[in-house]
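Number of protein chains: 2
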Amino acid sequence: MVHPYRVAILGATGAVGTELLELLEQRDFPLADLKLLASARSAGRTLTFKGEQLPLEAVNDDSFKQIDLVLASAGASVSKAWAAKAVAAGAVVIDNSSAFRLNPTVPLVVPEVNPQAAAAHQGIIANPNCTTILMAVAIYPLHQVQPIRRIVAATYQSASGAGARAMEEVKTQTQAILQGQEPVAELFPYPLAFNLFPHNSPLNGEGYCEEEMKMVNETRKIFGAPNLRVTATCVRVPVLRAHSEAINLEFDQPFDVAQARAILSQAPGVKLVEDWEANYFPMPIDASGKDEVLVGRIRQDLSHAAGLELWLCGDQIRKGAALNAVQIAELLVQQNLVRPAIALAN
Amino acid sequence: MVHPYRVAILGATGAVGTELLELLEQRDFPLADLKLLASARSAGRTLTFKGEQLPLEAVNDDSFKQIDLVLASAGASVSKAWAAKAVAAGAVVIDNSSAFRLNPTVPLVVPEVNPQAAAAHQGIIANPNCTTILMAVAIYPLHQVQPIRRIVAATYQSASGAGARAMEEVKTQTQAILQGQEPVAELFPYPLAFNLFPHNSPLNGEGYCEEEMKMVNETRKIFGAPNLRVTATCVRVPVLRAHSEAINLEFDQPFDVAQARAILSQAPGVKLVEDWEANYFPMPIDASGKDEVLVGRIRQDLSHAAGLELWLCGDQIRKGAALNAVQIAELLVQQNLVRPAIALAN
Numbered sequence: 001m002v003h004p005y006r007v008a009i010l011g012a013t014g015a016v017g018t019e020l021l022e023l024l025e026q027r028d029f030p031l032a033d034l035k036l037l038a039s040a041r042s043a044g045r046t047l048t049f050k051g052e053q054l055p056l057e058a059v060n061d062d063s064f065k066q067i068d069l070v071l072a073s074a075g076a077s078v079s080k081a082w083a084a085k086a087v088a089a090g091a092v093v094i095d096n097s098s099a100f101r102l103n104p105t106v107p108l109v110v111p112e113v114n115p116q117a118a119a120a121h122q123g124i125i126a127n128p129n130c131t132t133i134l135m136a137v138a139i140y141p142l143h144q145v146q147p148i149r150r151i152v153a154a155t156y157q158s159a160s161g162a163g164a165r166a167m168e169e170v171k172t173q174t175q176a177i178l179q180g181q182e183p184v185a186e187l188f189p190y191p192l193a194f195n196l197f198p199h200n201s202p203l204n205g206e207g208y209c210e211e212e213m214k215m216v217n218e219t220r221k222i223f224g225a226p227n228l229r230v231t232a233t234c235v236r237v238p239v240l241r242a243h244s245e246a247i248n249l250e251f252d253q254p255f256d257v258a259q260a261r262a263i264l265s266q267a268p269g270v271k272l273v274e275d276w277e278a279n280y281f282p283m284p285i286d287a288s289g290k291d292e293v294l295v296g297r298i299r300q301d302l303s304h305a306a307g308l309e310l311w312l313c314g315d316q317i318r319k320g321a322a323l324n325a326v327q328i329a330e331l332l333v334q335q336n337l338v339r340p341a342i343a344l345a346n
Numbered sequence: 001m002v003h004p005y006r007v008a009i010l011g012a013t014g015a016v017g018t019e020l021l022e023l024l025e026q027r028d029f030p031l032a033d034l035k036l037l038a039s040a041r042s043a044g045r046t047l048t049f050k051g052e053q054l055p056l057e058a059v060n061d062d063s064f065k066q067i068d069l070v071l072a073s074a075g076a077s078v079s080k081a082w083a084a085k086a087v088a089a090g091a092v093v094i095d096n097s098s099a100f101r102l103n104p105t106v107p108l109v110v111p112e113v114n115p116q117a118a119a120a121h122q123g124i125i126a127n128p129n130c131t132t133i134l135m136a137v138a139i140y141p142l143h144q145v146q147p148i149r150r151i152v153a154a155t156y157q158s159a160s161g162a163g164a165r166a167m168e169e170v171k172t173q174t175q176a177i178l179q180g181q182e183p184v185a186e187l188f189p190y191p192l193a194f195n196l197f198p199h200n201s202p203l204n205g206e207g208y209c210e211e212e213m214k215m216v217n218e219t220r221k222i223f224g225a226p227n228l229r230v231t232a233t234c235v236r237v238p239v240l241r242a243h244s245e246a247i248n249l250e251f252d253q254p255f256d257v258a259q260a261r262a263i264l265s266q267a268p269g270v271k272l273v274e275d276w277e278a279n280y281f282p283m284p285i286d287a288s289g290k291d292e293v294l295v296g297r298i299r300q301d302l303s304h305a306a307g308l309e310l311w312l313c314g315d316q317i318r319k320g321a322a323l324n325a326v327q328i329a330e331l332l333v334q335q336n337l338v339r340p341a342i343a344l345a346n
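Spelled out as structure tokens, the structure:
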């Protein structure tokens, strides 16, 4: 039997925070208490949870007393500022930011892929980046049968990956264009309405942006495959919600397409969406609000005897962020891992 | 000295036809006469050319008498119905449809890539598919220096690739969504506004759609490289005009990135668009209405020692269709190839 936990959401007002709240309710997470933490600006407001109004509190040094589990989704700088304090206060932090993902002492977990990694946590468990989670769920079942040697990915990332305000910005820009006016870009560097551009995260010296390097490095860590060859081109597109990815996979030996399809039709967290007669495959509007990663167009790569091509869409706020975090929390509960090992050792 | 030619545009009212008219005017093509052919439905209307109103005529058996050059852009079935008649009447046909592209007796020409192929024409020269033209212009200069062994492409294709009405459909759908209504899909099988989907051309038994197979087969023919390994995932995105492509290239030996950049900065038909400081690269809104294919984000592939990644945007109505056709016409004029070889031989 699981006993209920005292949970805090850090960043409760954001796109992911809102979804966390909804998921804890929907999935009936065993809660003793739920504390909503946000910036000082939001303090005093309330959010609805199971029909009750819960107050938003400004995060402070006392916020994590009597808290077992923190779901953090307020960005890397907030996580860096507060995660260690939460752990010191005895909580386990499931962090949705990039702050700790590549830290060797922090497990980076996709429950369908590497649930076993969670056991080694020392107080913090990192939730991977959205594009990485969606890809990992879709391709790990194949990797288990025959190791993937190389991944060439191209992404089609929706506006909401940059937050709820970004989604509004695209709508406003779109309205302006339809009325013959100039679109105004504020959050994004360039207009996204009826346009697209390479992902605008900072570029490294090799010409890859941060978003692409997350796909490279996080996938390696989650798969426990430090030499996995990965390249990606990440692109922002004028879609409101749900990311899409065109994935080219290389193996050492040919991977039978029918077998790949059979594997993915049974894979946890995956929904095979392929109607070849109707030319119907995963689309962002169908993936929005769904838990599963929609996968389709699985085909033998014409350019490589041991290659497969596939196409996926997934809700990056849900499975790409909030759902994955809640699944990690559920995993910790099931395995009685909520008390951080390091805190017990101290 | 070039003497003027009697030119007919078959399909003058379409998106490409309109652009052909504009380009013939802008580029001051040596015209003795310009005849505008369309369906019976459009006959009687007029279009403006160099300030004059030219009548639209319904195409018929007498349409190609006294015509030297036909620019056909009314689709494959119209081309199949009329191209042979035009050639029999003594004209050379530059055909923008897919009807003859893979016919071994028909040259498939991108003037920046294989202008020499035009000389062998027997009355018909085919204009490649838009995605193929844009990619060919961008990567052939590299292929000349070191042969490309494999291409993995993912496309981001705008609505106007499906015609002017498709562009209007996306706008109407977008307006509906912004007003809280359901978008209606008529030309496209699914709503494209704030959505995207794999290119909806017919699928073959191997799971590739026609658009993807055009990139495979046409690139091989244009490059004269029948064994070139090509795979592609073609995707329709809610952009009004200009296509984008994420291209992964493999060579036998590493291709120095600085050298690739230097080559493409000088390449005909290419404009290098790379501001690494500002994170500014090719975008559809910048490519729209431009003659050049915008290329950027050239980088060493992290997953392959002999790989390069690049990103391109190009106006698929202009360089992807109408401009390439007019460039072929200019090439024929320059090389005195307007009279079809087969007609002379008869």
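If you're matching them up, the sequences are chains A and B in order. For what it's worth, UniProt numbering labels the leading residue of the first sequence as 1, then goes sequentially. For what it's worth, UniProt numbering labels the leading residue of the second sequence as 1, then goes sequentially. Even for Gly, the Cβ is constructed at its ideal location relative to N, Cα and C. Note that the coordinates shown come from a computational prediction; the quantities given were computed from them, not determined experimentally.
Interface criterion not met: the Cβ of P254/B is under 7 Å from no Cβ in chain A. Contact check between the segment 102-113 of chain B and the segment 124-136 of chain B: three or more CB pairs, one atom from each, fall below 8 Å, which counts as touching. Just measuring C-alpha positions, the residue of L332/B, V93/B and Q144/B sitting nearest Q259/B is Q144/B.
In this structure, DSSP gives R261/B a helical state, which the three-state scheme calls helix. Look at the segment 131-152 of chain B: the residues with a C-beta under 8 Å from a C-beta of chain A are R150, I151 and V152. Not one beta carbon of chain B lies nearer than 7 Å to the beta carbon of P226/A. The Cβ atoms of I177/B and F194/B lie closer than 7 Å to each other. Distance from the CA atom of T233/A to the CA atom of L47/B, rounded to whole angstroms, is 43 Å. Under the DSSP assignment, F223/B falls in the alpha helix (DSSP H) whose first and last residues are E210 to F223.
For N129/A, no chain B residue has a Cβ inside 7 Å of its Cβ, as the nearest lies near 16 Å away.
The CB of Y208/A comes closer than 8 Å to the CB of R299 and L302 in chain B, given here in chain order. In the DSSP annotation of this structure, the continuous segment of the beta strand (DSSP E) that includes R229/B starts and ends at R229 to T233. Non-local beta-carbon contacts of G163/B in its own chain, meaning distances under 7 Å to residues more than five positions away in sequence, involve G14 and A15 in chain order.
Inclusion of S160/A and H243/A in the CB contact set at 7 Å is not warranted, their separation being larger than that value. Residue state for Y156/A is assigned as strand, using DSSP reduced to three classes. Cβ contact annotation for A32/B (same chain, cutoff 7 Å, sequence separation greater than five): P4, Y5 and R6, in chain order.
Partner residues in the beta bridge of Y280/B, as assigned by DSSP, are D275/B.
Residue state for S303/A is assigned as coil, using DSSP reduced to three classes.
For R229/B, the chain A residues whose Cβ falls inside 8 Å of its Cβ are L302, S303 and H304, in order along the chain. Our two residues, E274/A and V273/B, have alpha carbons roughly 37 Å apart in a direct line.
Contact between the segment 288-303 of chain A and the segment 216-231 of chain B is present, with at least three C-beta pairs closer than 8 Å. Sequence-distant Cβ neighbours of L54/A in its own chain, meaning closer than 7 Å and more than five residues away, are L34, L36, T46 and L47. Neighbours of K171/A across chain B, judged by C-beta separation under 8 Å: L178. Annotated three-state conformation of Q316/A is coil, per DSSP. Cβ neighbours of E292/B within its own chain (closer than 8 Å, five residues either side excluded): G269, V270, K271, G314 and K319. Inter-residue distance for Y208/A and R299/B is about 8 Å (C-alpha atoms, whole angstroms). Residue environment analysis places R165/A among the exposed positions, since fewer than 16 neighbouring C-beta atoms fall within 10 angstroms of its C-beta.
Residue pairing by DSSP places R165/A opposite no residue, since no beta bridge is assigned to it. Contact of Y5/B with chain A by beta-carbon distance below 7 Å is absent, the smallest such distance being about 38 Å. The C-beta distance from G44/A to L56/A rounds to 7 Å, short enough to meet the 8 Å contact threshold.
Chain A places a beta carbon closer than 7 Å to that of I285/B, counting this residue as a contact. Exposed is the label assigned to S77/B, since fewer than 16 other Cβ atoms lie within 10 Å of its Cβ. DSSP places D286/B within a helical segment (H, G or I) once states are collapsed to three. At a Cβ-Cβ threshold of 7 Å, L20/A and V338/A do not count as neighbours.
Under DSSP, F49/A forms a beta bridge with E52/A. F255/A sits close to L308/A, with the two beta carbons spaced by under 7 Å.
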